[in-house]
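Just below is one structure, and these are the notes that go with it.
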Amino acid sequence: MITDQELDFVREALRMAQDAGAQHARATLSKSEEDLVATLDGEVDRVTHCADRSLSLALFVDGRFGSYSTNKLDPTALQGFIARAVAATRMVAEDPCRTLPDPVRCCHDALTGDELGLVDPSRDALSPANRRQLALNASVLHSSLHGSQPLKTSDCVGPHHCASLAVPPLTMPRVARFSEAAAAATLEKGGHGFAGATSPATSENGAVETAVGSADRSHPRLRKREGPASEGSGRGPAQQDVCRPELPRNGADFQIISEEGEYSDSIYETVVMDTNGLCCRHSETSFDYGVEITVESDGEKYSGYWWDASSRLTELDAPACGREALARAAGQIGSEPAASGRYTAVIDAEMASKLVSPVLRALSGYSIQQNNSFLMDSLGRQVFPEGLTILDVPRIPGQTCSKYFDSEGVATVEAPVVERGVVKQYFINTYMAAKMQMAPTVEDATRPKVLPWPVAGLDRDAILRRCGRGILVTDFNGGNSNPVTGDFSYGIEGYLFEDGRIVRPVSGMLMTGNFLQLWSHLVAAGDDARPCQTKLVPTLAFGEVDFSG
198 MITDQELDFV REALRMAQDA GAQHARATLS KSEEDLVATL DGEVDRVTHC ADRSLSLALF
258 VDGRFGSYST NKLDPTALQG FIARAVAATR MVAEDPCRTL PDPVRCCHDA LTGDELGLVD
318 PSRDALSPAN RRQLALNASV LHSSLHGSQP LKTSDCVGPH HCASLAVPPL TMPRVARFSE
378 AAAAATLEKG GHGFAGATSP ATSENGAVET AVGSADRSHP RLRKREGPAS EGSGRGPAQQ
438 DVCRPELPRN GADFQIISEE GEYSDSIYET VVMDTNGLCC RHSETSFDYG VEITVESDGE
498 KYSGYWWDAS SRLTELDAPA CGREALARAA GQIGSEPAAS GRYTAVIDAE MASKLVSPVL
558 RALSGYSIQQ NNSFLMDSLG RQVFPEGLTI LDVPRIPGQT CSKYFDSEGV ATVEAPVVER
618 GVVKQYFINT YMAAKMQMAP TVEDATRPKV LPWPVAGLDR DAILRRCGRG ILVTDFNGGN
678 SNPVTGDFSY GIEGYLFEDG RIVRPVSGML MTGNFLQLWS HLVAAGDDAR PCQTKLVPTL
738 AFGEVDFSG
């Protein structure tokens, strides 16, 4: 935790800044600590411990502004650093728009840093052995080969492919060969994503083969969080069974050729003070697990990724990540482009923030002031359909990424961003407010949440049934968007669905369009946003979307 001595150090930094000639200053002390265990094919591959502590200073000197940071936090070094920083600030051009925020707008109720209940004290009790075991228990390969049984021995998906996991206890293969049955058994264990859509049958024989081979040692693509879900503490409502892609039905086995996982736990703390009397604190623990599994079938490789995160260890479902990643990899076997044309697009909740983030960026004061936004002059206008409402809900107790203040120390408040299609606010910090001669708000949305529409309670399965036929997008593979026009082009992979059910996997396709036109064809917004993400964006469905392959 940030100590009283460190708080005094921040106050001393502000005093030093004023003594050196700054009229005003803001100081931000940040501390973080992270322990990470990476696994490769069911074995510990890498262990790291990282600790960081730094001080950032915003200096307002004779109508000029400069920002600086240092990790040398002893008083003697700091005094020289601040003196040089003030001298450097005097060299830049004057900018009368640079000021501290009005104290009335600032946060005055974040006194301990844990007002939102985001610190799990159990992290302090974790030992290196505990962390190793957490990482290994989450591994599909380690668990299946050492008896933790995320793979069952009795389930299968066909009369010739039963999952039998009789593996010598000391054998740790680099490549594991699984039948459809083994994968189906893995998914049947209970992942929230793609399990076999049909009930598994039973077979009397068949086995899983293991062999030693090489594996790509690149680490998992641990994605940054994009936003959490329902109010209250914890994970949000349990997801119901969803319509899940079936495994390949051609009878071919596939190999797991690599499984790369990363477990980590961390604590992040920050305190912001300024010369107007501001003092606010934030503390948060995070427990994360992500895994990428690559399978091979008929000479082709397919990868699946999944992750989870929570501010509390007991709410992290790491073992489910491997099952989901395996399901997503196996579900893509045999994928090929669908016919080019216009389809209803259902965007999985894991990826849906890709279509919301450009909207939020376009509402940034920086984008508006620079004429770099497709939402110029949109404040107070209905530019989206009535079905779109985005709220900023920054203070949900117990939910990761909630926060009482922004980087200026301005208090966050629950407020509509878009309400029934009408743009309700731009994100304008103190500086941009002065330049644009507009009232300041906050610098960004802390926890944007897309509300369900047209009814509450829709999950992906219900939306697929409602849409009938189209393409379910489960991943975006590259692409770009134009912030000025709103045009976009993204590579996608996912599944063709008909009559509300998955038909086959698709890949090698482009989804193109314009954000304003896309949102004008909003069909549904679900109620299934992932609580581990920073943006609470559920499954989304749009009509008349162009796909080409």
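Under the numbering used here, the first residue of the sequence shown carries the number 198, and numbering increases by one thereafter.
By construction, the Cβ of each residue, glycine as well, lies at the ideal position given by its N, Cα and C atoms.
Beta-bridge analysis with DSSP links Trp650 to Ala722. Arg250 is bridged by DSSP to Lys228. Rounded to whole angstroms, Ser266 and Ser253 show a C-alpha spacing of 4 Å.
Of the residues assessed, Gln730 falls on the buried side of the cut-off, its CB having 16 or more other CB atoms within 10 angstroms. Taking a C-beta distance under 9 Å as the contact criterion, Leu233 and Val244 qualify as a contact pair. Around Glu203, the same chain offers Leu226 as residues with beta carbons nearer than 7 Å, after the five sequence neighbours per side are excluded. Glu466 is bridged by DSSP to Lys228, Ser480.
With respect to the C-alpha of Glu240, the residue from Val316, Glu497, Gly665, Leu333 having the closest C-alpha is Leu333.
Non-local C-beta neighbours of Ser319 in its own chain, meaning closer than 7 Å and more than five positions away in sequence, comprise Leu510, ordered along the chain. With a cut-off of 8 Å on Cβ pairs, the segment 521 to 530 is not in contact with the segment 548 to 556, counting fewer than three such pairs. Around the beta carbon of Thr273, fewer than 16 other beta carbons lie within 10 angstroms, which makes this residue exposed.
Inclusion of Ala214 and Val289 in the CB contact set at 9 Å is not warranted, their separation being larger than that value. Here DSSP, grouped into helix, strand and coil, assigns Leu510 to helix.
Exposure of Val652 is indicated by the presence of fewer than 16 other C-beta atoms within 10 angstroms of its C-beta. Within the segment 614 to 682, the runs of beta strand (DSSP E) that reach at least 3 residues and sit entirely inside it are, in chain order, 645 to 647, 667 to 678. Put simply, the backbone Cα of Gln529 is about 19 Å away from that of Asp658.
A distance below 6 Å between beta-carbons, with the five flanking residues on each side excluded, links His339 to the following residues of its chain, in chain order: Gly239, Leu333. Taking 4 residues as the minimum length, the alpha helix (DSSP H) runs contained wholly in the segment 266 to 351 are 272 to 286, 325 to 334, 337 to 342, in order along the chain. Taken through DSSP and simplified to helix, strand or coil, Lys498 comes out as strand. Scanning its chain for C-beta atoms nearer than 7 Å, with the 5 sequence neighbours on each side dropped, one finds around Ala608 the residues Arg302, Cys303, Cys304, Tyr601, Phe602, in chain order.
Gly474 sits in coil when the DSSP states are folded into three classes, being neither helix nor strand. For Phe206, the uninterrupted alpha helix (DSSP H) run begins and ends at 201 to 216, by DSSP. Comparing C-alpha distances from Asp306 to each of Gln714, Ile699, Val469 shows the shortest one belongs to Val469.
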